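Residues in the sequence shown are numbered consecutively from 2, following the working numbering.
All residues carry an ideal CB built from backbone N, CA and C; glycine is no exception.
Predicted model only: the values in this text are computed from it and were never measured.
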Amino acid sequence: MGMSVIISEATDQDAEQIFKLQYLCFQSEAALYGNYRIDPLVQPLDAVRREVADDCVFVARLGDEVVGSVRGTVTEDGAAAIGKLCVHPRLQGHGIGARLLRAAESALVEQRGAKKFRLHTGHRSESVLRLYRRVGYEKVGVEEGVDGVPMVVLEKQAGAYAQTA
Numbered sequence: 002m003g004m005s006v007i008i009s010e011a012t013d014q015d016a017e018q019i020f021k022l023q024y025l026c027f028q029s030e031a032a033l034y035g036n037y038r039i040d041p042l043v044q045p046l047d048a049v050r051r052e053v054a055d056d057c058v059f060v061a062r063l064g065d066e067v068v069g070s071v072r073g074t075v076t077e078d079g080a081a082a083i084g085k086l087c088v089h090p091r092l093q094g095h096g097i098g099a100r101l102l103r104a105a106e107s108a109l110v111e112q113r114g115a116k117k118f119r120l121h122t123g124h125r126s127e128s129v130l131r132l133y134r135r136v137g138y139e140k141v142g143v144e145e146g147v148d149g150v151p152m153v154v155l156e157k158q159a160g161a162y163a164q165t166a
């Protein structure tokens, strides 16, 4: 009998696994843009540790292995900035990303009072854009990322979080 993927809040002990996972997962994004200096690939471990301590961070676990993660924090305008959603390449396409989003959205509303959700993703990241559209996000603009990659800005109202598949 196989193990189930469990979604839970990240702990301090998860930071190193999250760090390694995001490095693995964002390689394909870097290749898509020909830019290996994108934030998830150059973020230091200490910064990941700070995010786990301060932000709303969820992980997907398969046994003891962290196979997915997402982070969110509420900004001054009441929007929850969601970022660095990643799922191990061998487990993509099984709904883990949507489950991580749902957990983060729920916690950001219930624990931190988020009024809406905002995220950024690369303009060429079609599979990621499909996921976000499927769970209710709509494009509201385009911005240039700090790494020079054009980023699509998507938002969803907090009342819609329960609809995330």
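The alpha helix (DSSP H) spanning residue i covers which residue range?
i	result
residue 19	16-26
residue 48	46-55
residue 40	40-43
From residue i to residue j, what does the alpha carbon distance come to, in whole angstroms?
i	j	result
residue 71	residue 7	14 angstroms
residue 24	residue 111	30 angstroms
residue 30	residue 147	15 angstroms
residue 66	residue 18	8 angstroms
residue 165	residue 107	Note that residue 165 scores 48 on pLDDT, short of 50, meaning its location in the model is unreliable; the coordinates nonetheless yield the value given after this. The straight-line gap from Cα to Cα measures roughly 10 angstroms.
residue 43	residue 116	30 angstroms
residue 128	residue 28	15 angstroms
residue 135	residue 88	17 angstroms
residue 163	residue 11	Annotation note: pLDDT 49 at residue 163 (below 50); position unreliable, coordinate value reported separately. Looking at the two C-alpha atoms, the distance is approximately 21 angstroms.
residue 21	residue 5	21 angstroms
residue 96	residue 77	31 angstroms
residue 1	residue 122	Examination of residue 1 is not possible in this model, given that the chain is present from 2 through 166 alone.
residue 90	residue 158	29 angstroms
residue 101	residue 131	16 angstroms
Since residue i and residue j should fall inside the 8 angstroms C-beta cutoff, what is the C-beta to C-beta distance between them, to a whole number of angstroms?
i	j	result
residue 60	residue 15	5 angstroms
residue 68	residue 92	5 angstroms
residue 109	residue 75	6 angstroms
residue 105	residue 73	5 angstroms
residue 119	residue 80	5 angstroms
residue 125	residue 33	5 angstroms
residue 9	residue 62	7 angstroms
Mind checking which residues open and close the beta strand (DSSP E) that includes residue i?
i	result
residue 158	151-158
residue 8	6-10
With DSSP run on the structure shown, which of helix, strand or coil describes residue i?
i	result
residue 31	helix
residue 166	Only weak support exists for where residue 166 lies, its pLDDT of 45 falling under 50; the coordinates are left without a value.
Inside the region 67-154 only - beta strand (DSSP E) runs reaching at least 3 residues:
The qualifying runs are 80-88, 117-123 and 139-145.
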